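Using the working numbering, you'd call the opening residue of the sequence shown number 4 and step up by one each time.
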Amino acid sequence: MTPRVRGYPPRVSRTPAYAAQLRDALTRAVRGVSERDLARATEALVSRYRSVAPATAPILASDVHVAAYAAYRMPATHAALSRVLRDLAARGLEPRSLLDLGGGTGAAAWAAAGAFDSLESVKVLDQVEAALALGRDLVREAPSEVLARATFARAVAGDWPQLEADLVTVSYVLSELEERAQETLVADAMQRGRVVVVAEPGTPDGYARVLRVRAAMIAEGWTVLGPCPHEDGCPLVGTDWCHFAARVNRSAEHRRLKGADLSYEDEKFSWVAAARPGVLETKAGQANSARILRHPLKRKGFVEFQVCRPDGTAGREVVSKKAGERYRAARDAEWGDTLP
Ligand SMILES: C[S@@+](CC[C@H](N)C(=O)[O-])C[C@H]1O[C@@H](n2cnc3c(N)ncnc32)[C@H](O)[C@@H]1O
4 MTPRVRGYPP
14 RVSRTPAYAA
24 QLRDALTRAV
34 RGVSERDLAR
44 ATEALVSRYR
54 SVAPATAPIL
64 ASDVHVAAYA
74 AYRMPATHAA
84 LSRVLRDLAA
94 RGLEPRSLLD
104 LGGGTGAAAW
114 AAAGAFDSLE
124 SVKVLDQVEA
134 ALALGRDLVR
144 EAPSEVLARA
154 TFARAVAGDW
164 PQLEADLVTV
174 SYVLSELEER
184 AQETLVADAM
194 QRGRVVVVAE
204 PGTPDGYARV
214 LRVRAAMIAE
224 GWTVLGPCPH
234 EDGCPLVGTD
244 WCHFAARVNR
254 SAEHRRLKGA
264 DLSYEDEKFS
274 WVAAARPGVL
284 ETKAGQANSA
294 RILRHPLKRK
304 GFVEFQVCRP
314 DGTAGREVVS
324 KKAGERYRAA
334 RDAEWGDTLP
């Protein structure tokens with residue numbers, strides 16, 4: 004990997020095209036499953052994911068549960084991971100290999116293939132064979148060669164094979180594990196990856212897990228790549244929680260399964276990414292600009308932001324029309340972007 008910390012180069016994102024291809028592949032994959040079974044399994048998963056207790060047995064307990072997960076959750080986890088990985092790509096990260104721990108049906112693999120032109124190999128590990136089988140099925144007609152060649156293998160946390168990768172992802176997995184097992188999984192990811200990304204639901208408890216991961220990464224001397232523009236304590240602790248949103252376009256099945264009318268939903272997520280010492284040329288804090296923490300308020304003649312700053316504080320920033328080019332960039336900036 005030749006990661007560089009630099010600005011945001013203009014780059015045409017493949018993510019929307021990949022999201023559409025994934026939606027089509029999911030529609031095909033669940034076509035044979037009875038709608039009633041799918042709806043029942045979706046309901047069971049929704050209530051399971053609402054409870055924050057660690058799982059004592061695999062949550063994806065049957066083929067129908069796997070199909071329901073893929074149809075109603077995978078577009079959302081794919082959207083969240085795409086947002087995170089595009090952020091890292093824009094910073095110049097160019098991983099050649101991806102290892103996705105607890106990767107299930109392969110959401111992070113699709114997101115990485117959409118974000119990084121540099122990707123040459125993808126390996127997804129999970130404890131549930133049915134999820135891996137569906138993941139293999141989905142990539143069969145994938146839009147990229149690297150995705151079509153992705154391997155999906157069964158492995159249980161604590162007993163991952165000794166693999167290494169430029170990028171290791173742990174996406175929406177920690178909530179299913181006891182705290183000790185979460186720590187072990189993150190340590191395993193850090194042993195195997197040069198850059199590690201952890202994403203969790205954008206809830207206060209998801210954020211709390213992400214904060215613990217961030218602390219473990221900093222304690223090992225890793226460089227935080229995002230979302231934080233600094234490595235001090237999080238200024239939001241006790242008052243708020245750091246989370247972002249990714250827009251997910253819903254397919255007709257997705258809408259039916261969730262009993263929803265809207266053609267889209269916003270997936271809320273929390274995340275942290277860090278690089279092993281020596282991987283980056285520059286410390287993140289030196290190169291980063293403030294991170295936008297809420298939907299910007301676009302007023303006549305100025306844009307108001309809530310941001311997290313490189314000096315470790317959080318607060319309000321205003322970019323007015325007088326700022327010229329910067330103001331024009333500020334009008335386009337969104338929640339989760341860096342402040343222009
Ligand atoms: C909520 S799903 C997330 C799947 C995928 N990473 C995504 O973002 O869509 C959690 C995944 O973690 C896997 N998992 C949970 N505990 C595990 C363990 N002990 N060993 C291996 N995989 C595990 C589950 O089988 C499931 O596929």
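Just so it is clear, CB atoms sit at the ideal spot from N, CA and C, and this is done for glycine as well. All values reported here derive from a predicted model rather than from experimental measurement.
May I ask whether a heavy atom of ligand 1 can be found less than 7 Å away from the beta carbon of T80?
-> yes
A71: beta carbon under 7 Å from a heavy atom of ligand 1?
-> no
From P19 to R86, what does the alpha carbon distance come to, in whole angstroms?
-> 11 Å
Determine, using beta carbons only, whether A111 and L84 come nearer to each other than 8 Å.
-> yes
Buried or exposed: which applies to R319, given that a residue is buried once 16 or more other Cβ atoms fall within 10 Å of its Cβ?
-> exposed
Is Q130 near ligand 1, going by C-beta to nearest heavy atom under 7 Å?
-> yes
Quick one: measure Cβ to Cβ for P98 and Y21, integer angstroms, because I've assumed they're closer than 8 Å.
-> The Cβ separation is near 17 Å, so there is no contact.
When the Cα atoms are used, what is the spatial distance from E234 to A184?
-> 25 Å
List the endpoints of the continuous alpha helix (DSSP H) containing T18.
-> T18 to A32
According to the neighbour-count rule (16 or more other Cβ atoms, all chains shown, within 10 Å of its Cβ), is A190 buried or exposed?
-> exposed
Boundaries (first-last residue) of the alpha helix (DSSP H) holding Y72 = D66 to Y75
Under the three-state reduction of DSSP, which class applies to S50: helix, strand or coil?
-> helix
Validate contact between the stretch 128–145 and the stretch 205–218 using beta carbons, cut 8 Å, 3 pairs = no
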